[in-house]
Amino acid sequence: VLPTLALIKNTKVDDDVVGFNELGGKDDFSTEDLEERLGRAQVIHYEGESSLKPKFTTQTRRSVRQSANSESDSE
8 VLPTLALIKN
18 TKVDDDVVGF
28 NELGGKDDFS
38 TEDLEERLGR
48 AQVIHYEGES
58 SLKPKFTTQT
68 RRSVRQSANS
78 ESDSE
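Pasting the structure below:
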């Protein structure tokens with residue numbers, strides 16, 4: 008059985024931490040490691056330096072939508 012933390016924001020599960028890999032890979036992780044992980048998920052406000060590898064990166068998706076029937080009024 009793997010230990011799991013469900014990270015809840017606005018009454019919904021937003022993220023989870025399964026096992027110890029995200030907390031340094033050991034079961035005697037520091038409070039700072041846990042604080043940093045919770046801060047990256049924005050569950051708590053964390054101002055320290057990051058020492059753990061990020062689980063995820065934020066990307067902005069951009070797209071241009073165009074109608075298949077794009078006729079111009081100009082002649």
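Counting along the sequence shown from 1, when you hit position 44 you're at 51 in my numbering, and nothing is skipped either side. We treat Cβ as the ideally placed atom computed from N, Cα and C, and that holds for glycine.
| query | result |
| --- | --- |
| Rounded separation between TYR53 and LEU9 - CA only | 26 Å |
| Sub-9 Å separation of LYS16 and VAL50 beta-carbons | yes |
| Anticipated Cβ contact below 8 Å, PHE36 with LEU45, distance rounded | Actually they do not touch by this definition, with Cβ atoms about 12 Å apart. |
| Alpha-carbon spacing of GLY26 relative to LEU41, whole angstroms | 12 Å |
| Between the CA atoms of GLU43 and GLY55 - distance to the nearest angstrom | 7 Å |
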